[in-house]
Amino acid sequence: MGPPGLGIWVPPAPPQPGGDASNTNRMLGSVRNIPFLIWDGTEDELVPVAGARQQAQTFDDLGYRYRFDLFTAADHFALASNDEYAPAAKFLGTHRVNRNPAHVTYVVNPTMDFPKAGTVADHAYWLSGLRLRNSGGEAPLGSVDAKSDGFGKGDPRASATRHTVGTLNGGNMGTMPYVEQSKSWGKAPSTPRRNVLHIDAKNLSQIVVHPRRARLGCNATLRVKTDGPLQVRLAGCDRTQSFG
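Heads up: the sequence shown begins at 46 in my numbering, then just goes up one per residue.
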């Protein structure tokens, strides 16, 4: 795996030299709908195990899908030198992209935007135009948690945290033992389909919702929690509401 931030991260200190602005651990809420596989070595000099463990624990605390394999006595180059990625390919091959999930969580971090390169992370699935209300300080964040009842699906139940051991075989370095920590999801339960959108926003001044992708009509009921003034616009509906 690469480092969770720009440079080396050994919590509780911020990543160096990138600082908290580059620390992806603060933004893991965004990957609700993306399962993760993390590989690291106990002796990795460039991706210290303390940061990788914290990243895995944050996934676990969020109740998200992940698998963390920690390879015993492996340094930063061991997995590359071993050149055996069949389990990683299998992990990736079992998951399909959900372009329009019922539940979207996103953390907005404008300090990691690069407009000149065409990279502005102000949108996720059927949400766009996400704007911070207060962008002061060195590492400002905003967040939105949005759930559409139009899909008729609830949140899948997360499994208990699993702990096991295993070995990676077939590579150039012979058998590589690891300890594994993981969490998975069950099937999403069915819920009544309703023209209702639930939003919980923090430090955001604007959210644009694309109702067709969210399986909502233009007259959807908006149930909004916000910690300050917020405008919610329904794209293509000529409808904007203010909250807070």
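Glycine included, every Cβ here is placed at the ideal spot set by N, Cα and C.
These numbers come from a predicted model, not from an experiment.
Endpoints, the beta strand (DSSP E) within which residue i is located
| i | result |
| --- | --- |
| Asp245 | Val241 to Lys247 |
| Pro222 | Met221 to Lys228 |
| Ala16 | In the structure as shown, the chain begins at 46 and stops at 289. Residue 16 is therefore absent and cannot be evaluated. |
| Lys192 | Gly187 to Ser193 |
| Tyr170 | Segment: none, Tyr170 is in no beta strand (DSSP E) and carries neither H nor E. |
Nearest-angstrom Cα separation, counted from residue j out to residue i
| i | j | result |
| --- | --- | --- |
| Val224 | Gly273 | 44 Å |
| Gly195 | Ala259 | 7 Å |
| Leu73 | Thr150 | 9 Å |
| Tyr109 | Ser229 | 7 Å |
| Trp171 | Asn145 | 7 Å |
| Asp105 | Gly47 | 19 Å |
| Gly216 | Val189 | 43 Å |
| Leu261 | Leu242 | 8 Å |
| Arg141 | Lys270 | 31 Å |
| Gly52 | Pro201 | 35 Å |
| Ser204 | Val76 | 17 Å |
| Gly182 | Asn214 | 48 Å |
| Ala58 | Lys247 | 25 Å |
| Met221 | Gly211 | 8 Å |
| Asp245 | Ala191 | 6 Å |
| Asn70 | Leu186 | 12 Å |
Residue i classed as buried or exposed, judged by whether at least 16 other C-beta atoms fall within 10 angstroms
| i | result |
| --- | --- |
| Pro237 | exposed |
| Ala169 | buried |
| Gly231 | exposed |
| Ser235 | exposed |
Contact set for residue i: own chain, Cβ-Cβ below 8 Å, skip 5 residues either direction
| i | result |
| --- | --- |
| Asp158 | Thr164, Val165, Ala166 and Asp167 |
| Ser250 | Arg176, Leu177, Arg178, Gly273, Pro274, Leu275 and Gln276 |
| Thr206 | Asp105, Gln226, Ser227 and Lys228 |
| Asn143 | Asn78 |
| Ser291 | Here the chain covers residues 46 to 289 and nothing more, so residue 291 does not appear. |
| Asn240 | Asp194, Gly195, Leu261, Gly262, Asn264, Ala265 and Thr266 |
Span of the alpha helix (DSSP H), counted from its first residue to its last, around residue i
| i | result |
| --- | --- |
| Val55 | Premise fails: Val55 is in no alpha helix (DSSP H) and is neither H nor E. |
| Asp105 | Val94 to Leu107 |
| Phe136 | Ala131 to Gly138 |
Helix, strand or coil at residue i according to DSSP, with G and I counted as helix
| i | result |
| --- | --- |
| Phe81 | strand |
| Pro126 | As written in the sequence, residue 126 is Ser, which differs from the Pro given in the question. Looking at Ser126 - three-state DSSP - the assignment turns out to be helix. |
| Ala259 | coil |
| Ala162 | helix |
| Gly216 | coil |
| Pro155 | helix |
| Val142 | coil |
| Arg110 | coil |
| Arg71 | helix |
| Ala119 | coil |
Residue i beta carbon near the ligand GTP (any heavy atom closer than 7 Å)
| i | result |
| --- | --- |
| Arg257 | Ligands in the displayed structure: none, and consequently the ligand GTP is not present. |
Neighbourhood of residue i by C-beta distance below 6 Å, restricted to the same chain and skipping five residues each side
| i | result |
| --- | --- |
| Val253 | Ser173, Gly174, Arg278 and Ala280 |
| Gly63 | Gly50, Leu51 and Gly52 |
| His208 | Gln226 |
| Phe113 | Ile83, Ala101 and Gln226 |
| His255 | Trp171 and Ala280 |
Neighbourhood of residue i by C-beta distance below 7 Å, restricted to the same chain and skipping five residues each side
| i | result |
| --- | --- |
| Val55 | Pro93, Ala95 and Gly96 |
| Met218 | Ala123, Ser126 and Asn127 |
| Asp120 | Gly86, Glu88, Asp89 and Glu90 |
| Thr117 | Thr87, Pro222 and Tyr223 |
| His148 | Arg77, Lys192 and Asp200 |
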